[in-house]
Amino acid sequence: MSPALRIARKEAGELVLGLRGQLWLAVTTAVLSGFSLLLVGSKELSLLDNAQVVYDMAGLVTALGALLAVIAGIDAIGGERERGSLLPLLLAPVPRGSILAGKLGGPVAAWGVMLALAAPYFWAVGSTGQNLVSGMVALLALGTPVVLGFGFLGVALGAWMQSGRTALSVALTGLVLSASPLLLGPSLRQSAIGRMFDAVNPFSAALNGFDAVIIDSQGATTQAGHAAVAVAWLALTAWAAAAAMRRVSR
Amino acid sequence: MRLIEIDHLRLSIGEVPVLHDVCLEVAPGEVVGLLGPNGAGKTTTIAAALGLLRPQGGTVRLMGGDPWTGGAAPRRHVGVLPDPNGFYDWMTAPDYLAFFADLHGATNDAAAIARRMDRVGLAPRRGQLIGTFSRGMRQRLGLARALIGDPQLLVLDEPTNGLDPRGRREMHDLLLALAEQGVGILLCTHILDDVERLCSRVCVIDAGRTVAQGLLADLLAGQNSQLRFRLELAGPLPQGSAAGGAVPAHVRLLHHAPGHAIVDIDPHVGPPEAWRELFFLGWPIVAIAPEGGGLEALYLALTGGVVPGAPVQERAA
Amino acid sequence: MKARMILATASLAVPLLIGAGRPSYAASTAAPAVQAVVGEAASLTVEFAPVATNPAAPRMGDRLAFTSSIRNTGATPVEGLIAWLSLVQVDRGHEQPVDLEDWSAHKAIAVASLAPGAAVTTNWPMRLIQSGQYRVVVSAVSRAGAALTPSTFVDFTVAPKPVVESGRVLPVALGVPALLVGGLLLRRRRV
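In order, the protein sequence lines correspond to chains U, X and V.
The working numbering applies: residue 1 is where the first sequence begins, and numbers increase by one.
The working numbering applies: residue 1001 is where the second sequence begins, and numbers increase by one.
The working numbering applies: residue 2001 is where the third sequence begins, and numbers increase by one.
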């Protein structure tokens, strides 16, 4: 087994099977259950179209995945450094690139488990409507690079900043800003700055892609533009994480 | 081939210069003690030696290669026990060792892991989570991890911290046995007793500079070639004594504080002659007692910085 | 008590249904306003119609609006006038009155005094909650009046829309967390 894969397996085990990971997954299901129950409990929300509900849930799952990924990314470097367990890993005869790739194993596994947990919720709220399957394909195709990009961002911040708390504050601010279209929606695009932000924001790209596929019934393969923004985000954060990892000395 | 070869190393962290001129060598089969006060630059020196920090000047060689540009390869034959030493507390010790054995490309079957556990006295703790380990047990596990891959060089930072007397003795025996097998060991510690028991050579760093390096026996012999005394004083020393003004040529003032002073006397002159000259210069001496020598005295003398302009001891090896 | 009320309403609804037979609310607006004598001294007319901006083929979740105009055609003021909106479902086999609770917050108006010749115009907004065929009517009565003055009916059909089905959501929303927590507890017990 390659060192990257071995580290990834360790990270995945720690995140998914460890206490913190289990708590996080419990919180995820609680949020999804709460949202689903709201859909049937609130008369206003119960009148939402199936497709609209699937779109909302895809955005919610992406936001939860990005939040988990950025926290896991920070903990993988900053948290381990504070616990003193990073140095033995840095001193192992493993290239930094392999350590970085392995460290992303936690967010990848957590995202996979999160998608698996979300699947029954999607079925429950969206199976009587349109585009459920293509919506989930869009979630996989557009949500994954956005979520993993936030994982890389967490690694980069954890490596750059000496304090895990500072890294977490910066990451959460960035995430809230990036995910603001989830709450603001079309109103964001009413100004030039908002449209510009919408064009480069990976979270907007994912949401607009979900909108096009789930609500407007466009094919998942027509979302190349949105996918390009999401993949560019992934590449940019991967580069930042690699640069930051080279500087880690303890 | 030297396992570690550091020559006139200079290194800054950010804008802060930390190492000014550090020299250090570790050869196969020798245990070298790296000594120095807190903040002297020992950990930074180790980090540079292991390729974690980039030097600004001088040369650093690890296993014959450049640790900064050589990637992970030079570390393949190096085992490290850092301080502080963190673990994955949610794992058991065998799982933890198997994980690092994988990373080193070493055998990680159950029998090999059991042997590693047994070697550091952790065999009874096989099923226990690391999070429940005592500090001493964690040190043992750290050493077991450092020994994965049968390294040719061990870099150990405070390895006996937290060990009980029996554990410390076992650690000593293990390290001496490894040295006999040809493993080079760099031991960074404040416990001078460990250094005296284990080290054949020492390197003393103070304020980012190597102030002494050589065979421990030679350094101690060099120190013992002087006669050291503690002088009880009734008042302050004559003006200019600290700068060498009111001190005879064959007397060396190592340390002085209100009420006492420590001096070395050239054995060729003899103490009575020295006391006469000091009385004549106005030293208010009321009592004289021999001062113990040994590594502690050597360490204090080298790192105290009380003798302005005192020459750095030459490398004896 | 509630059952008796429904039965009473249903028995009242039967003759109204017999005379209806209009398939959509647009057709029903052509009917003339109903005039009724209230007591001996006053008379009211109630005109009721959908607004022009309503969607042609409303679906669940859409909003409709209606306007009513209640005029005092008598020679004396009408005191203590109350008018209210009633909604009934008229699908065959599902004929029943509908509780306006979720459909509209605008259920009734009260007018202290309506002078002779004066009229009060009211807008009645409504959110379409369930699919089906419906009939809506405004009724007016005054404090001294002896009879009810209803408007003409307005019929409309609400098309269904795919929405979340509680029958699917509840098992998942409650079952998945329960399974997850159960699995974790089982695993911890094994460890």
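Every residue, glycine too, gets a C-beta built ideally from N, C-alpha and C.
If you're wondering where the values come from, they're calculated on a predicted model, not measured in any experiment.
Which same chain residues, not among the five before or five after residue i, have their C-beta less than 7 Å away from its C-beta?
i: Gly2182/V; result: none
i: Arg246/U; result: Arg96
i: Leu1198/X; result: Val1031, His1172, Leu1175, Leu1176, Leu1187
i: Ser2069/V; result: Glu2047, Ala2119, Thr2121
i: Lys2161/V; result: Arg2059, Met2060, Gly2061
Does the CB of residue i have a neighbour CB from chain U at under 8 Å?
i: Ala2026/V; result: Because the pLDDT at Ala2026/V is just 40, under 50, the model does not fix this residue reliably, and the value given afterwards should be weighed accordingly. By this cut-off, Ala2026/V is not an interface position.
i: Phe1133/X; result: no
i: Val2098/V; result: no
i: Ala2105/V; result: no
i: Leu2186/V; result: no
i: Ala1072/X; result: yes
i: Ala2180/V; result: According to the sequence provided, residue 2180/V is Leu. The question's Ala does not apply to it. For Leu2180/V, the answer is yes, since a Cβ of chain U falls inside 8 Å of its Cβ.
i: Pro2160/V; result: no
i: Gly2061/V; result: yes
i: Ala1049/X; result: no
i: Phe1229/X; result: no
Tell me which same chain residues have a C-beta within less than 8 Å of the C-beta of residue i, skipping the five on either side of it?
i: Ser2139/V; result: Val2046, Ala2083, Trp2084, Ser2086, Leu2148, Thr2149, Pro2150, Ser2151
i: Met1091/X; result: Phe1099, Leu1129, Ile1130
i: Thr2053/V; result: Ala2065
i: Gln223/U; result: Ala138, Ala141, Leu142, Gly209, Ala212, Val213
Rounded to whole angstroms, how far is the Cβ of residue i from the Cβ of residue j, which I believe are closer than 8 Å?
i: Phe2066/V; j: Trp2103/V; result: With a Cβ gap of about 12 Å, Phe2066/V and Trp2103/V do not count as contacting.
i: Ala179/U; j: Phe203/U; result: 5 Å
i: Leu32/U; j: Leu39/U; result: Actually they do not touch by this definition, with Cβ atoms about 11 Å apart.
i: Val2172/V; j: Ser36/U; result: 7 Å
i: Gly1184/X; j: Gly1029/X; result: 6 Å
i: Leu1009/X; j: Gly1058/X; result: 4 Å
i: Gly73/U; j: Gly154/U; result: 2 Å
i: Gln991/X; j: Gly1162/X; result: The requested residue 991/X is not part of the displayed model; chain X covers only 1001 to 1317.
i: Ala4/U; j: Ala101/U; result: 4 Å
Using beta carbons (cut-off 8 Å, strictly below), is residue i in contact with chain V?
i: Gln223/U; result: no
i: Val40/U; result: yes
i: Gly129/U; result: yes
i: Ala124/U; result: yes
i: Lys10/U; result: no
i: Ser217/U; result: no
i: Asn50/U; result: yes
i: Thr29/U; result: yes
i: Ser266/U; result: The requested residue 266/U is not part of the displayed model; chain U covers only 1 to 250.
i: Val16/U; result: no
i: Val53/U; result: yes
i: Leu115/U; result: no
Can you name, in chain order, every residue of its own chain whose Cβ lies under 6 Å from the Cβ of residue i, other than the five neighbours on each side?
i: Asp1266/X; result: His1250
i: Ala69/U; result: Pro107, Val147, Phe150, Gly151
i: Trp233/U; result: Gly149, Pro202
i: Thr1045/X; result: Val1022
i: Tyr2025/V; result: Bear in mind that a pLDDT of 43 at Tyr2025/V, under 50, signals an unreliable position, so the model cannot answer this.
i: Gly1033/X; result: Leu1187, Val1195, Cys1199, Val1202
Hey, is residue i's beta-carbon within less than 8 Å of any beta-carbon in chain X?
i: Pro120/U; result: no
i: Met1/U; result: yes
i: Ser180/U; result: no
i: Gly158/U; result: no
i: Gly79/U; result: no
i: Ser249/U; result: yes
Any heavy atom of the ligand NAP closer than 7 Å to the Cβ of residue i?
i: Ile99/U; result: Here there are no bound small molecules, and the ligand NAP is not part of this structure.
- Touching by the beta-carbon criterion (3+ pairs, under 8 Å), the region 1138 to 1158 of chain X and the region 1098 to 1105 of chain X: yes
Exercise for the section: Would you list, in sequence order, the uninterrupted beta strand (DSSP E) runs of no fewer than 3 residues that lie entirely inside the region 2036 to 2109 of chain V? Expected result: 2042 to 2050, 2063 to 2072, 2078 to 2089
Does the region 1203 to 1220 of chain X come within contact of the region 1259 to 1279 of chain X, defined as at least 3 CB pairs closer than 8 Å?
no
Handout entry: chain A contacts from the region 81 to 111 of chain U (Cβ-Cβ distance under 9 Å)
Key = The question asks about chain A, but that chain is absent: this structure's protein chains are U, X and V.
Q: Note down, one range per segment and in chain order, each alpha helix (DSSP H) of at least 4 residues found wholly within the region 1089 to 1150 of chain X.
A: 1093 to 1104, 1110 to 1119, 1135 to 1146
query = Pairing CB atoms from the region 1055 to 1063 of chain X with CB atoms from the region 1206 to 1215 of chain X, are three or more of them under 8 Å?
reply = no
Quiz item: Does the region 109 to 120 of chain U touch the region 22 to 34 of chain U, meaning 3 or more C-beta pairs lie closer than 8 Å?
Solution: yes
Requested in this report: Please determine if the region 183 to 202 of chain U and the region 1006 to 1023 of chain X are in contact, where contact requires at least 3 C-beta pairs separated by less than 8 Å.
Outcome: no
- Message: At 4 residues or longer, what runs of the alpha helix (DSSP H) sit wholly inside the region 6 to 90 of chain U?
- Response: 19 to 41, 43 to 46, 50 to 74, 80 to 83
How about the region 82 to 92 of chain U and the region 1082 to 1089 of chain X: do they share at least three Cβ pairs that are nearer than 8 Å?
yes
- Counting pairs of Cβ atoms below 8 Å between the region 1155 to 1173 of chain X and the region 1037 to 1055 of chain X, do you hit three or more? yes
- Query: For the 8 Å Cβ check, are there 3 or more pairs between the region 208 to 222 of chain U and the region 1023 to 1043 of chain X?
  - Reply: no
In chain order, each alpha helix (DSSP H) run of at least 4 residues that lies wholly inside the region 1152 to 1228 of chain X = 1165 to 1180, 1192 to 1198, 1216 to 1224
At a cut of 8 Å, does the region 1204 to 1211 of chain X reach the region 1295 to 1305 of chain X through at least three beta carbon pairs?
-> yes
Segments of 3+ residues assigned as beta strand (DSSP E) that fall wholly inside the region 2132 to 2165 of chain V: 2132 to 2141, 2154 to 2158
Worksheet entry | Entirely enclosed beta strand (DSSP E) segments - the region 107 to 177 of chain U, minimum 3 residues | none
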